[in-house]
Every structure is written in structure tokens, then in C-alpha cells.
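The structure under discussion appears below in the form of C-alpha cells.
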Amino acid sequence: MHSSASPPTLHGDVKMANILLDDKLSAKVSDFGASKLAPTDEIEIATWVQGTCEYLDPEYLMTRQLTDKSDVYSFGVIVLELLTRKKALYLDGPEEDRSLVSCFTTAVKLGRHQELLDIQVRNEMSDEMLQEITHLLMRCISMNGEERLMMKEVAEMLEMLMSRPELALSGTSSYQHHPWAGAKGNAVEVQSFLSREQQSEITNSGNKMS
Numbered sequence: 645m646h647s648s649a650s651p652p653t654l655h656g657d658v659k660m661a662n663i664l665l666d667d668k669l670s671a672k673v674s675d676f677g678a679s680k681l682a683p684t685d686e687i688e689i690a691t692w693v694q695g696t697c698e699y700l701d702p703e704y705l706m707t708r709q710l711t712d713k714s715d716v717y718s719f720g721v722i723v724l725e726l727l728t729r730k731k732a733l734y735l736d737g738p739e740e741d742r743s744l745v746s747c748f749t750t751a752v753k754l755g756r757h758q759e760l761l762d763i764q765v766r767n768e769m770s771d772e773m774l775q776e777i778t779h780l781l782m783r784c785i786s787m788n789g790e791e792r793l794m795m796k797e798v799a800e801m802l803e804m805l806m807s808r809p810e811l812a813l814s815g816t817s818s819y820q821h822h823p824w825a826g827a828k829g830n831a832v833e834v835q836s837f838l839s840r841e842q843q844s845e846i847t848n849s850g851n852k853m854s
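645 is the number of the first residue of the sequence shown in the working numbering; add one for each residue after it.
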């Protein structure tokens with residue numbers, strides 16, 4: 645959508661429920677109700693915030709500027725859900741621990757992120773593969789959009805990793821439905837979605853750019 649379509653299409657609501665699988669388990673992106681066509685000479689679009697809060701790019705939430713990196717952030721949240729089998733947002737926990745992205749980012753800084761990963765995922769991937777996936781994931785969910793990869797770069801890196809069988813442990817992964825694939829997004833306020841640390845990082849990033 646970003647590199648092959650002309651003009652490029654910004655989806656604006658990439659989330660688990662909008663990723664469908666065909667009979668060959670090929671992923672298809674659906675629901676383009678919040679999508680925007682990006683002029684070829686512009687990299688961002690000013691718009692009213694649409695989408696599902698727990699998957700939305702924090703910069704988009706704060707600035708109303710939808711960019712191709714906004715979809716990259718949302719994709720990163722989906723990958724994180726798959727790796728942990730946890731919801732992107734859970735309202736039954738403490739305010740500072742509601743965001744899965746925030747929890748994972750903090751765990752990475754402490755070197756404890758593998759504790760959040762699903763046990764089956766840990767058993768089916770080598771330590772090197774998990775390290776590579778974590779590095780890629782952190783480039784997707786960075787609070788600063790300029791630090792994120794392009795979606796084309798993400799796809800190329802994933803294909804490269806999948807082409808290296810030595811990174812995977814023996815055995816074949818079995819397909820399982822993600823428990824929240826059909827779940828609807830929670831209606832929450834932006835301020836309750838973003839942790840204090842995330843809000844601070846976005847504010848500091850904006851000050852540096854101005």
C-alpha cells in the first residue's frame with residue numbers, strides 16, 4: 645500500500661481484527677474506512693484521529709498527522725500481540741501497565757522482555773532469532789516516527805529472517821487462531837492509553853523538531 649500503490653495508501657486502522665486469512669493462510673488487510681490517499685509529494689496528512697486507540701501511533705494521537713510510519717507502529721503492535729499472546733491494552737491492570745507496548749519497551753530496557761513472550765514462541769525460536777525479532781519490533785514501535793522503519797524495510801527484514809532456517813529451533817510451528825482476532829477495540833481516552841513515559845517521549849520529540 646505504501647510503496648506499490650499509486651498514490652500511496654495510508655491505512656490508518658491496522659489492527660488484529662482487520663487482518664484476515666484466506667484458505668492458504670495468506671494474510672489480507674481489510675477495512676479501509678479510515679484510509680487516506682497520500683499525495684506523492686507529501687509524507688504526512690493532517691486529519692481527524694480515527695482508528696482503534698490501542699493500535700494507533702502515539703504521534704498521530706497527539707499531532708493528528710497520519711504518516712506511513714503510523715501504519716508501521718500499528719503493525720508492530722500486532723506482532724507484539726502475536727509474540728506475547730496478550731492484548732495490546734488491558735484495563736484491569738494499573739494505569740502505568742495498561743499498554744503492552746509500554747510494558748514490553750520497559751522490559752527490553754531491563755533485559756527481561758523474553759519473560760513477556762509466550763512460552764510456545766520461546767520454545768520454537770532460537771535466542772538469535774528472538775534477538776533479531778526484538779530488534780525489528782523495537783524499530784516499529786519507537787515513540788519517534790522518524791526512528792521507525794519503512795513498511796517495505798520491515799517486510800524485507802522479515803523475509804530475510806524467515807529464509808534463515810538456522811535461526812529457528814527444530815520442529816514445525818502449528819497454526820493457532822489468535823484469541824483476540826475478532827475482538828473489537830476498547831473505547832478508551834487517549835490519556836489513559838498512553839503511559840506517562842510515552843507522553844513525555846512524544847513531547848520531547850516534538851520540542852526537538854520545532
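Idealized CB from N, CA, C, for every residue including glycine.
Assign residue i to buried or exposed, taking buried as 16 or more other Cβ atoms, counted over all protein chains shown, within 10 Å of its Cβ.
i	result
Leu754	exposed
Met769	buried
Leu733	buried
Gly826	The predicted position of Gly826 is uncertain, since its pLDDT is 43 and thus under 50; a value taken from the coordinates is nonetheless stated next. Exposed, since its Cβ has fewer than 16 Cβ neighbours within 10 Å.
Ser746	buried
Met806	exposed
Ser818	Since pLDDT at Ser818 reaches only 42, below the 50 mark, its modelled position is unreliable, and no value is offered.
Glu698	buried
Leu700	buried
His821	Its pLDDT being 43, under 50, His821 is placed unreliably by the model, and the measurement read from it follows with that caveat. That one is exposed.
Is residue j closer than 8 Å to residue i when the C-beta atoms are compared?
i	j	result
Val798	Asp715	no
Tyr717	Ile785	yes
Gly789	Lys672	no
Leu793	Arg808	no
Ile722	Ile763	no
Gly720	Leu781	yes
Met804	Pro702	no
I'd like the list of long-range same chain contacts for residue i, defined as Cβ closer than 6 Å, with 5 residues on each side in sequence excluded.
i	result
Leu727	Leu761 and Val765
Asp667	none
His779	none
Glu630	Coverage of the chain is limited to positions 645 through 854, which leaves residue 630 absent and any answer about it impossible.
Ile767	First, the amino acid is wrong: residue 767 is Asn here, not Ile. Cβ neighbours of Asn767 beyond the five flanking positions: none.
Can you find the residues in the same chain that come closer than 7 Å, C-beta to C-beta, to residue i, ignoring five residues on each side of it along the sequence?
i	result
Phe748	Leu724, His757 and Leu760
Lys730	Leu744
Give me, in chain order, the residues of the same chain whose beta-carbon lies closer than 8 Å to that of residue i; leave out the 5 immediate sequence neighbours on both sides.
i	result
Leu665	Ala671 and Lys672
Glu791	Arg783
Ala751	His757, Glu759 and Leu760
TODO: State whether the segment 770-780 contacts the segment 698-717, with contact taken as three or more CB pairs (one from each stretch) at a distance under 8 Å.
DONE: no
Open item on the list: List, from N- to C-terminal side, the alpha helix (DSSP H) runs of 4 residues or more that fit wholly inside the segment 709-772.
Closed with: Secondary structure within the segment 709-772: the alpha helix (DSSP H) runs of 4 or more consecutive residues, fully enclosed, are 712-728, 744-754 and 763-768 (chain order).
Open item on the list: Restricting to runs no shorter than 4 residues, where is the alpha helix (DSSP H) found entirely within the segment 769-810?
Closed with: Listed in chain order, the complete alpha helix (DSSP H) runs (minimum 4 residues) inside the segment 769-810 are 771-784 and 795-806.
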